[in-house]
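In this note's numbering, the protein residues as written are 150 to 344.
Take a look at the structure set out below.
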């Protein structure tokens, strides 16, 4: 990695997970991003952890993805989930489009952190699945809900319902995100045919 890297340093005491879980998640993030970019690595200090991310030049809009970009995002999310890795904050600010590539950014080393004097989940509120909020964890459901929000007209309620249905119907498959994407496209196509 070079001089234009993005560095973020965490206090280890602010990361609410065991050292073993933290090391396991950091290794999974490094492995995933080495294949699907932008590359992230972690540097452990005595009391700190630094996330070093390769800077990617920005491109087009992230809120309104073209159908092929939504499909690409779904496939990336499925690959992360197949690697036992949940992002926890799939939203426009954490995507970047550069050329023909779409990247997921801001991989947090721990999804529960001390911030502003309190313990908080690292998730954008409208993309925090209600089941995860109730259970006190961040799971695949929150990632699927974030994905569903990339389709025009999806509210937090409709996105959470679609995420739950996709996971229930594809529990044995590592492709719940792609199934969700295909389901939304099919519903949109059926709705257009009725107009």
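Here a beta-carbon is modelled for each residue, glycine too, at the ideal position from N, C-alpha and C.
Note that the structure is a prediction, hence the values are computed from the model and not measured.
Along the alpha helix (DSSP H) that carries residue i, what are the first and last residues, could you check?
i: residue 284; result: 279-284
i: residue 289; result: 289-297
i: residue 238; result: Neither: residue 238 is in no alpha helix (DSSP H) and is coded neither H nor E.
i: residue 213; result: Unbroken run through residue 213: none, as it is neither H nor E.
i: residue 310; result: 305-318
Under 8 Å by Cβ, that's how I've got residue i and residue j pegged, so tell me the actual separation to the nearest angstrom.
i: residue 184; j: residue 330; result: 21 Å between Cβ atoms; not a contact.
i: residue 235; j: residue 273; result: No, residue 235 and residue 273 are not in contact; Cβ-Cβ is about 14 Å, not under 8 Å.
i: residue 202; j: residue 155; result: 4 Å
i: residue 271; j: residue 237; result: 6 Å
i: residue 174; j: residue 258; result: 6 Å
i: residue 252; j: residue 198; result: Not quite, the Cβ-Cβ distance comes to about 22 Å (not below 8 Å), so this is no contact.
i: residue 292; j: residue 245; result: The Cβ separation is near 17 Å, so there is no contact.
i: residue 222; j: residue 299; result: 7 Å
According to DSSP, what are the bridge partners of residue i?
i: residue 101; result: Shown here, the chain extends from 150 to 344; a query on residue 101 therefore has no answer.
i: residue 198; result: 159 and 193
i: residue 268; result: 263
i: residue 164; result: 262
Let me know the secondary structure DSSP gives residue i once reduced to three states.
i: residue 169; result: helix
i: residue 183; result: helix
i: residue 302; result: coil
Is residue i close to the ligand ADP? I mean its beta-carbon at under 8 Å from any heavy atom of the ligand.
i: residue 234; result: In the structure on display, the ligand ADP does not appear, and there are no ligands present to speak of.
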